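Numbering-wise (the UniProt record's numbering), the sequence shown opens with residue 1 and increments by one.
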Amino acid sequence: MTGGSLGVRMWSYGTLPDINGVIPGDEKLLQSKSLVNVRKNSTKMFSGFREKERSLPLVWCRCLGCRKFSMLLLIAFALLVFVLGSLAVDKETISLNVDQQIGTLSMVLPYGNGAPSNPGASWIFGKKDKQKDENYLVANILNEDDENRFRIVGSKGASVLPSNHPCAKFTFPPPPPPNLRRIGPRPCPVCYLPVDQAIASMPSSPSASPVLQNLTYVHDENPIKTEPHGGSDFGGYPSIKQRSDSFDVKESMTVHCGFVKRSKPGLQTGFDFDESDVAELQQFHDIIVASAIFGNYDVIQQPRNISEEAKKNIPFYMFIDEETEAYIKKKSILDSSKRVGLWRIVVVRNVPYSDARRNGKVPKLLLHRIFPNVRYSIWIDGKLQLVVDPYQILEKFLWRQNANFAISRHYRRFDVFVEAEANKAAGKYDNSSIDEQVDFYKQEGLTPYSEAKFPITSDVPEGCVLIKEHIPITNLFTCLWFNEVDRFTSRDQLSFAMVRDKIMAKVDWNINMFLDCERRNFVVQTYHRDLLEQMPPPVANMIRRPPALPSMRRRTPGKRITRRRSSSRRHRKAATGNRDQFLLSTF
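Okay, here's the thing in structure tokens:
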């Protein structure tokens, strides 16, 4: 490219002065001089900008001081981060901040029938649940004059509600964007009826028990182990044949179901109660709530958001062993009234197992034996805190669904084989016992979960909450489930599907396996006691200021010293030297 062409191109953009009327001469020399001038002017222009940019911070430093200027920058940056972070948190929690908005319908804007009408909600339910809800039977109103009472007609999971039902238009909100989703399980919104309407929805008569009408239990004062597979003196030692026969559902049955040494549970059976407690446990109740703490493993959690009707009519029972009793007495939590808040404490003597978690399976799975005159029960593990009224829970997961047993599915796993490997990896039980149990189930026909099991949506429950109506078929299910826990490992997630599938193969019966995020809506999970004790105590929020540097000059008491501002290099060097001496002295 020639100088002439460069000059014309630059002039065409207005960078050269008008050259009309210039004295002719050496063209190359003229153009080269013009280019030199342009370059000099542009260099001066850019250097001027740089000097201005450099001078701005110096002006601020001189006006405010370099330290103050740095602090202002830090404060501005911190405010920016705080504002952006709060906006992200608000977006992230806007759809999950239910705290569960207990007992009210104001939070339930259009929420529908347990299945998402919004296509974006398929991340919660999936194809199987949509098909399952399409098969639900239509619901009718029991009495048009009674606005508080609703009856769902049908035999299985009636989730299509009458148009005037308060939850008929309930739908899940769309999921948050992928970049705002939280990692791990979280609660999701649930539509509960107000407590008065939930109470009015309670069925007046028990649900029908398919096939099985009369269930009795084995009584053996001297149980003897005759086969290598498991069992215990508490639960007996059923043979393989007896186990197989127990899954053949008939009109009248007698099965092993714990407490084998006596016909009346709690008296010299290996899971014993005080006589005063035995008398109370025999009383009739429509509904009970039960939990247990063995081995002083958990901290008693008080229920919240419980209505006055529930406090008056629903007893809350907490089973504890003598080790836990000694601890809470030492802490002056338990007195002669046998109550801790809402919980009525029942002390268990002569626990049958050395493993505290296995002892906890007795009240969890055999409540119908401990409470023979109860219609409905809600079981929650000792680490959970109930935060929704029991009437609302029963209405949502049993009565509204025409179900008589409800349990949440695992939030991540739905295959027994995957669950077994996860238990082994986490050290939940010794690997050889888990492998033995899974191999036994394989021989009996257990296969990995697949769509062929539909409408069953999972083989793995999150078994910390059981919602149950006490009728023969559900009592049989929990008896046989307990027998598997007594025979094999105490990991009840591994045996759940085997027992359920064998019973369902014989009778028209199903279990309401609801979403784990719905379970997390009505219970709050806390830490076990050992973890709580290891946690440091909470620290109060304090504003800590950095220590000030020591004064460079000694002040005379009562005498005010005025500082002279100097910009001399000598003063700056002196100050720097003193600071360096101070920093070195600290090492």
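Backbone N, C-alpha and C define an ideal beta-carbon position, used for all residues, glycine too. As the structure is a computational prediction, the values presented were derived from the model and not from experiment.
Within the stretch 400-454, the complete alpha helix (DSSP H) segments of 4 residues or longer fall at 416-425 and 431-443, listed in chain order. Around the beta carbon of Val81, fewer than 16 other beta carbons sit within 10 angstroms, so the residue counts as exposed.
For Ser207, there is no enclosing beta strand (DSSP E), as DSSP marks it with neither H nor E.
Bounds of the alpha helix (DSSP H) holding Lys329 are Glu322 to Lys330. Taking 8 Å as the cut-off, the beta carbon of Asn475 is found no closer than this to the beta carbon of Arg243. Excluding residues up to 5 positions away in sequence, Ile293, Met318, Ile328, Ile333, Val340, Gly341, Trp343 and Gly382 lie with their Cβ nearer than 8 Å to the Cβ of Ile300 in the same chain. Ser490 is positioned such that its CB atom lies closer than 8 Å to that of Lys361. Here Met71 is exposed: its Cβ has fewer than 16 other Cβ atoms, across all protein chains shown, within 10 Å. Residue state for Arg304 is assigned as coil, using DSSP reduced to three classes. Within the same chain, and ignoring the five residues on either side of Asp355 in sequence, the residues whose Cβ sits closer than 8 Å to its Cβ are Ser490.
The criterion of a C-beta distance shorter than 8 Å is satisfied by Val249 and Val507. Burial state of Arg412 is exposed, judged by a 10 Å Cβ sphere holding fewer than 16 other Cβ atoms. In summary, Phe405 is buried, with 16 or more beta-carbon neighbours lying within 10 Å of its beta-carbon over all protein chains present. Assignment of beta-bridge partners to Leu267 by DSSP yields no partner. Fewer than three Cβ pairs drawn from the stretch 388-399 and the stretch 230-237 lie within less than 8 Å of each other, which leaves the two stretches out of contact. Of all alpha-carbon atoms in Phe172, His256, Leu193 and Phe488, the one lying nearest the alpha-carbon of Phe477 is that of His256.
Under DSSP, Pro166 shares a beta bridge with no residue. Burial of Asn359 is indicated by the presence of at least 16 other C-beta atoms within 10 angstroms of its C-beta. Distances from the CA of Leu480 to each of Met202, Asn214, Leu366 and Ser307 were compared; the closest alpha carbon is that of Leu366. With respect to the 8 Å criterion, Ile471 and Ser201 are not classified as neighbours on the basis of their beta carbons. With a beta-carbon spacing of about 5 Å, Lys468 and Ser377 fall inside the 8 Å limit used to define contacts. Assignment of Tyr353 by DSSP, reduced to helix, strand and coil, places it in the coil class. Take Pro315, set aside five residues on each side of it, and the residues of its chain with a beta-carbon closer than 7 Å to its own are His285, Ile288 and Arg344, in chain order.
Boundaries for Gln283: no beta strand (DSSP E) harbours it, and the DSSP string shows neither H nor E there. By the beta-carbon neighbour count (other beta carbons within 10 angstroms, threshold 16), Phe488 is buried. If the five residues before and after Trp509 are omitted, its C-beta is found closer than 7 Å to the C-beta atoms of Pro210, Ile473 and Ile503, all from its own chain and listed in chain order. Looking at the DSSP output, Gln525 sits in a beta bridge with Leu384. When secondary structure is reduced to three states using DSSP, Leu398 falls in the helix class. A direct Cα-to-Cα measurement between Pro265 and Tyr297 gives close to 25 Å. Taking the Cβ atoms as the reference, Ile380 lies roughly 7 Å from Cys464, within the contact range of under 8 Å. Contact check for Glu462 against Asp516 passes: the beta carbons are separated by less than 8 Å. Taking 8 Å as the cut-off, the beta carbon of Phe172 is found closer than this to the beta carbon of Cys188.
Taken through DSSP and simplified to helix, strand or coil, Asn483 comes out as helix. Only residues of its own chain outside the window of five on either side were considered, and among them Pro448 have a CB closer than 6 Å to the CB of Phe417, listed in chain order.
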